[in-house]
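Everything on this sheet refers to the single structure shown next.
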DNA sequence: TAGCGACATAACTAGCACGCTATGTAACAG
DNA sequence: CTGTTACATAGCGTGCTAGTTATGTCGCTA
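Residue numbers (this note's numbering), protein chains in the order written: chain G, 2 to 112; chain A, 2 to 112.
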């Protein structure tokens with residue numbers, strides 16, 4: 002507290018994290034697909050797309066990038082709270098966190 | 002048109018430009034100050050802050066960075082359409098483009 | 001226990017973002 | 001014409017971002 006100075010509007014620093022996560026065509030595409038996983042991804046045996054979202058492999062393949070690259074994009078989205086990951090029987094499913102997305106839009110509206 | 006492929010959702014590419022401009026604590030701070038220039042910047046002789054916004058020098062000084070660094074942040078905001086620049090008697094005043102800001106928030110709400 | 005499939009992590013590289021100093025440009029003052 | 005002020009641009013160094021391949025980890029299956 003002696004070396005760092007608190008910003009006048011701390012919400013700005015929080016917004017920056019979410020906006021950096023959103024400021025990527027890849028990640029915006031992922032969020033758009035996750036609005037309706039069943040419409041954009043093949044059927045999944047282990048996990049209802051409506052409840053749990055889509056698995057990593059499907060997202061990676063649809064993006065056309067390597068699996069680690071897609072995995073890191075998803076990690077950025079999860080770390081920012083915009084997406085929730087669910088591990089289930091070896092697979093990881095991702096779904097939107099609508100409340101957090103709405104909170105970011107609301108915060109942005111105040112700036 | 003033969004070498005580039007149109008994205009399935011072109012609005013995503015447009016949103017990315019605005020979000021990259023917003024995903025910066027410096028630029029979010031500028032936008033916040035410009036909501037009420039008269040409250041955050043000294044009085045200006047040549048140009049009403051309510052009409053024209055704040056000049057480059059005041060913004061740079063308040064940010065605590067060099068003049069060229071601040072000038073480039075403002076250019077990013079202008080290029081993305083979020084801020085409008087007005088040249089007047091040697092000074093350049095910057096103000097928010099509320100309609101563009103609202104359009105970005107509306108587009109983000111649809112993603 | 002061995003092997004495999006799904007995903008995460010590590011290590012590396014290329015490109016972009018952001019800070020700086022130095023310099024260019026345009027308008028005004030004397 | 002000269003100098004000053006306000007701002008933009010150029011050039012450079014540094015750190016982050018996003019892609020790759022290689023490898024690690026965990027859960028299931030045989």
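In this text, a Cβ means the ideal position worked out from N, Cα and C, and glycines have one as well.
Quick one: what's got a C-beta closer than 7 Å to residue i's C-beta in the same chain, skipping five residues either side?
i	result
residue 98 of chain G	82, 83, 84 and 85
residue 56 of chain G	45, 92, 93 and 94
residue 111 of chain A	none
residue 12 of chain G	108
What whole-angstrom Cβ distance do residue i and residue j have, given they're in contact under 8 Å?
i	j	result
residue 23 of chain G	residue 96 of chain G	Incorrect: roughly 17 Å between the Cβ atoms, too far for contact.
residue 109 of chain A	residue 32 of chain A	Not a contact, Cβ separation roughly 15 Å.
residue 26 of chain G	residue 14 of chain A	6 Å
Going by beta carbon distance, what residues of the same chain come within less than 6 Å of residue i, once the five residues before and after it are set aside?
i	result
residue 18 of chain A	81
residue 68 of chain A	61
residue 100 of chain G	none
residue 105 of chain A	19
Got a sec? Which residues, its chain only, sit under 8 Å from residue i by beta carbon, not counting five neighbours each side?
i	result
residue 6 of chain G	Summary for residue 6 of chain G: the model assigns pLDDT 44, below 50, so the residue's position carries little reliability; its value from the coordinates is reported in the next sentence. Closer than 8 Å at the Cβ level, and outside the excluded window around residue 6 of chain G, lies no residue.
residue 29 of chain A	23
residue 78 of chain G	22, 28, 31, 32, 84 and 95
residue 72 of chain A	57 and 61
residue 4 of chain A	Bear in mind that a pLDDT of 41 at residue 4 of chain A, under 50, signals an unreliable position, so the number given afterwards is only what the model happens to contain. Taken in chain order, the list of residues that qualify is empty.
residue 8 of chain G	The pLDDT assigned to residue 8 of chain G is 48, lower than 50, so where the model puts this residue is not dependable; a value taken from the coordinates is nonetheless given after this. Counting only Cβ-Cβ distances below 8 Å, and skipping sequence neighbours, we find 14.
Which chain G residues sit within Cβ distance under 7 Å of residue i?
i	result
residue 21 of chain A	24
For a contact meaning CB atoms closer than 7 Å, what does residue i contact in chain A?
i	result
residue 68 of chain G	Correct list: empty, because the minimum Cβ distance to chain A is about 22 Å.
residue 14 of chain G	26
Could you tell me which chain G residues have their CB closer than 8 Å to the CB of residue i, listed as they occur along the chain?
i	result
residue 17 of chain A	24, 25, 26 and 29
residue 110 of chain A	106
residue 32 of chain A	112
For a contact meaning CB atoms closer than 8 Å, what does residue i contact in chain A?
i	result
residue 37 of chain G	Within 8 Å Cβ-Cβ: nothing; residue 37 of chain G doesn't reach chain A, min ~12 Å.
Say the cut is 8 Å; is the CB of residue i nearer than that to a heavy atom of the ligand ATP?
i	result
residue 20 of chain A	The ligand content of the structure shown is nil, which means the ligand ATP is not present either.
**Q.** Length-filtered (3 minimum) beta strand (DSSP E) runs lying within the region 63-102 of chain A
**A.** Fully contained in the region 63-102 of chain A are the following beta strand (DSSP E) runs of length 3 or more, in chain order: 84-89 and 92-97.
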